[in-house]
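Residue numbers (my numbering): -17 to 88.
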Amino acid sequence: MNLNRKCFFCGTRYHYCPSCPDDELKPVWHVLFCKETCKQMDKILSDHTFKKIADAEAYAALSALTYDLDKIDNPDNVRHIKEILASHKTKKTPQKTPDATASEKQ
-17 MNLNRKCFFC GTRYHYCPSC PDDELKPVWH VLFCKETCKQ MDKILSDHTF KKIADAEAYA
43 ALSALTYDLD KIDNPDNVRH IKEILASHKT KKTPQKTPDA TASEKQ
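Listed below in structure tokens is the structure:
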């Protein structure tokens, strides 16, 4: 089988022939993506880039998917995913500071 396509998102080589009997019923997105996860991740990163979704929403969407960063051959995509994951880890809930008047009373 001829691996005639390269996934736009992860770089994996795969076979897809929209006019061949084995592939004619597959979704059209197979022209660009090897699997649905790649299509979904590309949409998440695109929406995040254009501020259609916030960091938290992108983090939640990425967390719901199963993927291996080591198998993504596009360094820009890997960097973007790592930035989203890191931004979620660095955001902390605000901590209450002691009331200044309470410490003055003592």
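Cβ atoms here follow ideal geometry from the backbone N, Cα and C, with glycine treated the same way.
Beta-carbon proximity list for residue i, same chain, < 6 Å, skipping 5 on both sides
{"i": "Ser85", "result": "Model confidence at Ser85 stands at a pLDDT of 49, short of 50, so the residue's coordinates are unreliable and nothing is read from them."}
{"i": "Asp24", "result": "Phe(-9)"}
{"i": "His12", "result": "Tyr(-2)"}
Close-in-space but distant-in-sequence residues of the same chain around residue i (CB under 7 Å, 5 per side omitted)
{"i": "Asp37", "result": "Ile66, Ser69 and His70"}
{"i": "Leu14", "result": "Phe(-10)"}
{"i": "Ala46", "result": "none"}
{"i": "Asp29", "result": "Ile35"}
{"i": "Asn59", "result": "Phe(-9) and Leu27"}
Own chain, CB closer than 8 Å to residue i, minus 5 neighbours either side, in chain order
{"i": "Ala43", "result": "Gln22, Ile26 and Ile35"}
{"i": "Asn56", "result": "Phe(-9), Cys(-8) and Gly(-7)"}
{"i": "Thr19", "result": "Leu47, Thr48 and Tyr49"}
{"i": "Gln88", "result": "With a pLDDT of 49 at Gln88, under the threshold of 50, the modelled position of this residue cannot be trusted, and the question is left open."}
{"i": "Val10", "result": "Pro0"}
C-alpha gap between residue i and residue j, whole angstroms
{"i": "Arg61", "j": "Ile54", "result": "10 Å"}
{"i": "Asn(-16)", "j": "Asp5", "result": "13 Å"}
{"i": "Lys(-12)", "j": "Leu51", "result": "17 Å"}
{"i": "Glu39", "j": "Ile63", "result": "13 Å"}
{"i": "Asn(-14)", "j": "Leu7", "result": "18 Å"}
Contact belief for residue i with residue j at Cβ below 8 Å, rounded distance in angstroms
{"i": "Cys16", "j": "Tyr41", "result": "Not a contact, Cβ separation roughly 24 Å."}
Min CB distance residue i to chain C below 8 Å
{"i": "Ser1", "result": "The chain labelled as chain C is not found in the depicted structure, where only one protein chain is given."}
Point to revise | Any 3 or more C-beta pairs closer than 8 Å across the segment -3 to 4 and the segment 19 to 39 | key: Contact fails: fewer than three Cβ-Cβ distances are below 8 Å.
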